[in-house]
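Numbering (our numbering), first residue to last: 1 to 455.
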Amino acid sequence: MRCEQSEERIPSLGQYNYSKKLTNSVNMYYYINQNKYLINENKYNFMSGDPIKYKPYPPIIKSIHRITKRKDLYEYQPTNGNTKDKKVISNYLNNIGINATTGNISFTYSTTHAFNLIFQCLAKIGDGIIIPVPSYGLFDFVPERFGLKVIFLPLKKENDWLINPIDLENAIKDFECKNSKSKVSFLYNMNPHNPTGKVMSYNNIDILKKIGNLSLKYNFYIIDDLIYRDLTFNNNKMPVPMSSIKEYFNSTISLFGISKSYNLAAIRSGMIVSNVDIANKIQDKIYQTMDSISIINIQSLVAAFNINNKKQYKKYFKNLINKYLFNFYLLKYLIDGPSSILNTNIKKNCEKIIKKYLSNSDYQYAIKNVDELSFVEKLDNVESGFFALLKVKTNLNYYELFSTLFEITNIKVICGNSIMYMDDSEKIIRINFSVQPKCLILGITHLKKYLDKNK
């Protein structure tokens with residue numbers, strides 16, 4: 001079945017139509033969701049957002065078990081948790097530099113729920129939100145469902161794939177010049193970033209402060225998404241939350257969750273840290289729509305963001321991050337060749353596991369450099385998360401590439417138009433390298449073979 005560009009779109013909420021730039025992205029997601037045979041076949045599924053297959057964070061599991069023994073489960077919980085639970089989390093937030101109190105915390109059903117709640121409470125129809133791209137594709141068109149206009153801010157390799165404050169200010173000025181009755185109300189900032197994996201740490205404090213100063217100058221909120229924070233691979237380069245810089249606390253809305261880093265995507269649990277006025281609006285919206293948040297969600301967050309679990313945290317994430325790093329080195333070995341792996345032990349382990357799943361002739365092909373598949377420039381060394389951006393040389397458009405890869409190689413990837421990759425001179429795909437090593441080895445080898453034979 002060849003993919004045709006669809007005129008169908010995911011429904012709006014009746015407030016604003018999708019901009020032309022978003023049409024291809026929306027249609028691609030619609031196409032994927034409509035063609036169930038693509039979803040059900042998981043031979044080489046690199047398009048998932050699932051974290052690596054690994055045990056969930058033990059303190060959370062223990063906390064959930066304790067919940068089942070409680071004697072007050074017949075009672076509805078307070079709309080947004082109790083002060084005791086929030087105190088545990090506020091202690092954690094203070095420990096990472098965010099001067100938050102219990103009144104700044106709002107519990108949600110995932111960061112996606114949080115993202116939607118923010119716009120339900122604060123969006124003004126016609127105002128703008130700036131989203132750096134490439135991005136998490138599903139969040140690109142959510143704001144337009146609430147009447148906002150999405151302004152894409154291309155991240156550039158010459159800026160090391162970080163926000164350029166000059167480009168940001170120019171985008172604000174351009175929007176407000178063309179929309180005299182509207183203003184930029186939000187900047188969506190992922191730190192670490194999905195899908196580039198780039199981290200803004202204290203090494204980038206000047207950039208962060210310039211962004212923060214712009215939020216004060218132009219009176220917009222920074223939605224600071226920290227969902228991948230605990231999957232930062234260098235402990236000396238941890239992301240700096242915008243709200244940890246005192247001057248920007250009131251203009252920052254921080255998102256936290258357990259789906260990605262804590263290996264609990266099945267438990268939709270997140271939270272918002274904001275100024276008290278916003279927190280009150282969020283909690284009022286929760287009360288109006290669902291009365292309260294599940295005790296399982298709240299206690300999961302209390303177990304995750306708890307300074308008393310520091311010893312377990314260090315042990316868990318040391319092992320988990322080593323698994324992610326090995327998978328990335330495995331991918332790098334397959335894309336850039338054995339010489340790209342500088343650590344001798346890692347190189348030997350990569351070779352050993354690749355030879356376990358491939359014949360000798362296929363192994364030689366697997367490590368062959370193929371011009372048609374390479375890392376996007378300056379994104380060949382992972383800093384966080386579990387996504388990689390690969391450049392593909394092909395004459396196919398994205399719809400043809402997506403469907404052809406699936407039909408011929410049983411490979412599913414996220415294409416560049418789904419994540420608003422703005423450089424039309426090259427085709428890119430996003431792959432999830434958290435898959436099992438066998439899937440990674442066989443899938444990338446099949447992909448290289450296909451591209452090499454059809455160049």
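Positions of the beta carbon are idealized from the N, C-alpha and C atoms, including for glycine.
Here the structure is a predicted model, which means the values were calculated and not measured.
DSSP places residue 221 in the uninterrupted beta strand (DSSP E) bounded by 221–225. Counting along the chain, residue 114 sits inside the alpha helix (DSSP H) bounded by residues 110–122. In the displayed model, residue 191 falls within coil according to three-state DSSP, outside both helix and strand.
Rounded to whole angstroms, the separation of the alpha carbons of residue 362 and residue 148 is 50 Å. Look at residue 90 here: in three-state DSSP terms it is helix. Nearest to residue 201 by alpha-carbon distance, out of 228, 239 and 208, is 239. Contact check between the stretch 132–149 and the stretch 305–323: fewer than three CB pairs, one atom from each, fall below 8 Å, which does not count as touching.
Separation of the CB atoms of residue 275 and residue 249 is rounded to 7 Å, and the pair is thereby assigned contact status at 8 Å. Boundaries cannot be given for residue 134, as no beta strand (DSSP E) includes it and DSSP labels it neither H nor E. Around the CB of residue 359, fewer than 16 other CB atoms lie within 10 Å, so the residue is classed as exposed. Secondary structure of residue 273 (DSSP, three-state): strand. In the DSSP assignment, residue 79 falls outside any alpha helix (DSSP H), carrying neither H nor E. Taking 3 residues as the shortest admissible run, the stretch 395–439 contains the following complete beta strand (DSSP E) segments, listed from N- to C-terminal end: 427–432. Around the beta carbon of residue 204, a 10 Å sphere encloses 16 or more other beta carbons of the protein chains shown; the residue is thus reported as buried. Residue pairing from DSSP places residue 375 in a beta bridge opposite 390. Of 320, 217, 229 and 218, the smallest CA-CA separation from residue 52 is found for 320. For residue 232, the secondary structure class from DSSP, reduced to helix, strand or coil, is strand. Within the stretch 154–201, the beta strand (DSSP E) runs of at least 3 residues that lie entirely inside it are, in chain order, 184–190.
In the structure shown, residue 249 falls within a coil segment according to DSSP collapsed to helix, strand and coil. Residue burial annotation: residue 181 is exposed, with fewer than 16 other C-beta atoms found within 10 angstroms of its C-beta. With the rule of 3 Cβ pairs closer than 8 Å, the stretch 189–198 counts as touching the stretch 219–229.
Pairing residue 104 with residue 391, the inter-Cα distance amounts to about 42 Å. Pairing residue 272 with residue 108 gives a Cβ-Cβ distance under 8 Å. Beta-bridge partners assigned by DSSP to residue 45: 412. Ranked by Cα distance from residue 142, the first of 112, 99 and 122 is 112.
Here residue 290 is exposed, its C-beta having fewer than 16 other C-beta atoms within 10 Å. Rounded to whole angstroms, the gap between the alpha carbons of residue 124 and residue 352 is 56 Å. Cβ-Cβ distances below 8 Å link residue 322 to nothing in the same chain once the five nearest sequence neighbours on each side are left out.
Rounded to the nearest whole angstrom, the CA to CA distance from residue 418 to residue 379 is 19 Å.
With fewer than 16 other Cβ atoms from the protein chains shown falling within 10 Å of its own Cβ, residue 426 counts as exposed.
DSSP, read as helix, strand or coil, puts residue 106 in strand. For the pair residue 97 and residue 241, the CB atoms are nearer than the 8 Å cut-off.
In the three-state reduction of the DSSP assignment, residue 302 falls in the helix class, which pools H, G and I. The stretch 423–440 and the stretch 322–339 touch, with no fewer than 3 CB-CB distances between them shorter than 8 Å. A residue is called buried once 16 or more other Cβ atoms fall within 10 Å of its Cβ, and residue 415 is buried on that count.
If you compare the alpha carbons of 257, 145, 454 and 77 with that of residue 120, the shortest gap goes to 145.
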